[in-house]
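Respectively, the protein sequence lines represent chains A and C.
The first sequence begins at 3 in our numbering and counts up by one.
The second sequence begins at 3 in our numbering and counts up by one.
Protein chains: 2
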Amino acid sequence: MGDGTRRAVFERLAQGPRAVGDIADGLPVSRPAVSQHLRVLRDAGLVVVTKDGTRRLYEVDPGGLGALRRYLDGFWTESLAAFKAAAEATAPPATPNPTIPTEPPS
Amino acid sequence: MGDGTRRAVFERLAQGPRAVGDIADGLPVSRPAVSQHLRVLRDAGLVVVTKDGTRRLYEVDPGGLGALRRYLDGFWTESLAAFKAAAEATAPPATPNPTIPTEPPS
DNA sequence: GGCATGGGTAAGCGTAGCCTTACGTAAGTG
DNA sequence: CACTTACGTAAGGCTACGCTTACCCATGCC
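If you want it as structure tokens, here you go:
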């Protein structure tokens, strides 16, 4: 998901179900490129397809979204816990929480 | 940060300040490779260096960590808000929150 | 001063990944 | 049945990037 085009495709999809051509219009890449990105997103379980005549409607899969969320949170809290533990180990806990600003909303 | 080795380097650093050689030991890559990863992390503001004799001690920069957190949260909530809005627009809000499981801890 | 230790940097290689063009295919339309 | 529309897929090119080897610099130690 580190690619800009891929994020753009995904954000378009976050606004609602769309066909491949609709996504390709407005993006500076060709339609097959979008198709390939959609394949990756589908293999990752982030997106599902439904056939509608000759078109394929892609939309975000909430389940995959949640899985991604869990994965990221896992990595994050893991690193963070280790870091916090190390920080508290060296410096005596004057500030128990070492400058981690924004708490996630929602 | 999508690279595995880079994450490994970062996680090692999350456990406390370390020298370059210490990180390279236990990782399946050479020391210069680690050095390059550290350079990237430093340019990203995620890590800071302090000289200690002939060695360089790297450690996580809490400020950069917070910035990364903010960036990720921004992207996340943005996509999520759009997705939720679209979902509520199509389906009448029987369930106002469309299956977004884990809330982030801490 | 001479040597060892710890690291950064340059040059080059190999691969992964994104994109394009070209082509093939299923579903509508007359 | 042609023809069009909306896709997917294959093949190839190009670039980015991670890794290694080789080299150079700084610091500590005798």
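Note that CB positions come from ideal geometry on N, CA and C, so glycine has one too.
Over the uninterrupted beta strand (DSSP E) stretch that includes residue i, give me the two end residues.
i	result
VAL36 of chain C	Segment 33-45 is the alpha helix (DSSP H) holding VAL36 of chain C; no beta strand (DSSP E) there.
THR7 of chain A	Not the beta strand (DSSP E): THR7 of chain A falls in the alpha helix (DSSP H), residues 6-16.
ASP54 of chain C	49-54
In chain A, what lies closer than 8 Å to residue i by C-beta?
i	result
SER81 of chain C	PHE12, GLU13, ALA16
Against residue i, what residues of chain C qualify as contacts under a CB-to-CB distance less than 9 Å, listed in chain order?
i	result
GLY4 of chain A	MET3, GLY4
Check whether the Cβ of residue i sits closer than 7 Å to any heavy atom of the ligand ZN, and report yes or no.
i	result
SER32 of chain A	Ligands in the displayed structure: none, and consequently the ligand ZN is not present.
With DSSP as the reference, label residue i as helix, strand or coil.
i	result
LEU59 of chain C	strand
ASP27 of chain C	coil
PRO100 of chain A	Residue confidence is low: PRO100 of chain A scores 43 on pLDDT, short of 50, so the model does not pin down where it sits. Its coordinate-derived value is still stated next. Coil.
GLU105 of chain C	Residue placement at GLU105 of chain C is poorly supported in this model, since its pLDDT is 40, which falls under 50; the coordinates still yield a value, given next. Correct three-state label for GLU105 of chain C: coil.
Among all the DSSP beta bridges, which residues are the ones paired with residue i?
i	result
ALA21 of chain A	A:LEU59
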